[in-house]
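Worksheet: the structure to be examined is printed underneath.
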Amino acid sequence: MNSLSFALVLTGVLLNAAAQLLLKAGAGRVGHFEFAWSNAGPVGWQLATEPAILGGLACYVVSVVVWIMALSRVEVSIAYPMLSIGYVVNAVAAWYLFGEAVSPLRLTGIGIIVVGVYIVARS
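With this note's numbering applied, the sequence shown has no gaps in its numbers, which climb one by one up to 146 at the end.
If you want it as structure tokens, here you go:
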């Protein structure tokens, strides 16, 4: 994989991770809600106008375009496992931004993911 291809894959992964983090932040601002016809309008409006959610959706849209560009250059059997890097990014960012727990067992799993991505990238 050349440097441009790797940059496209990594950019797609990071945009996808950013989308998840923004959606989480937006969901935290909107708060817990129930799916019911009676609140579909008000909750739908809250979701549709929450800046973090809109930012997350925008990241998804851009990530799809970048991902398609990456797939035009890299075998899907190489590119797709790279999405696992997003687990690492999101675990660290969720710990830092949202105070989510990162247990030793979770860190072990993340380490295994990193090793697996390295092996796939080198194949």
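Here a beta-carbon is modelled for each residue, glycine too, at the ideal position from N, C-alpha and C. Computed from a predicted model, the values in this text were never measured in an experiment.
Selection Val138, Asn25, Lys47 and Glu98 evaluated against phenylalanine 121 yields Lys47 as nearest (Cα-Cα). Below 8 Å, enough C-beta pairs join the segment 30-43 and the segment 75-87 to call them touching: three or more. Distance from the CA atom of proline 104 to the CA atom of leucine 130, rounded to whole angstroms, is 19 Å. By a beta-carbon distance limit of 8 Å, tryptophan 118 does not contact glycine 35. Their separation comes to about 23 Å. Cβ contact annotation for valine 53 (same chain, cutoff 8 Å, sequence separation greater than five): Val66, Gln69, Leu70, Glu73 and Ile76, in chain order. Exclusion of the five residues before and after valine 111 leaves Ile133, Ile136 and Val137 as the residues of its chain whose Cβ lies within less than 7 Å of its Cβ.
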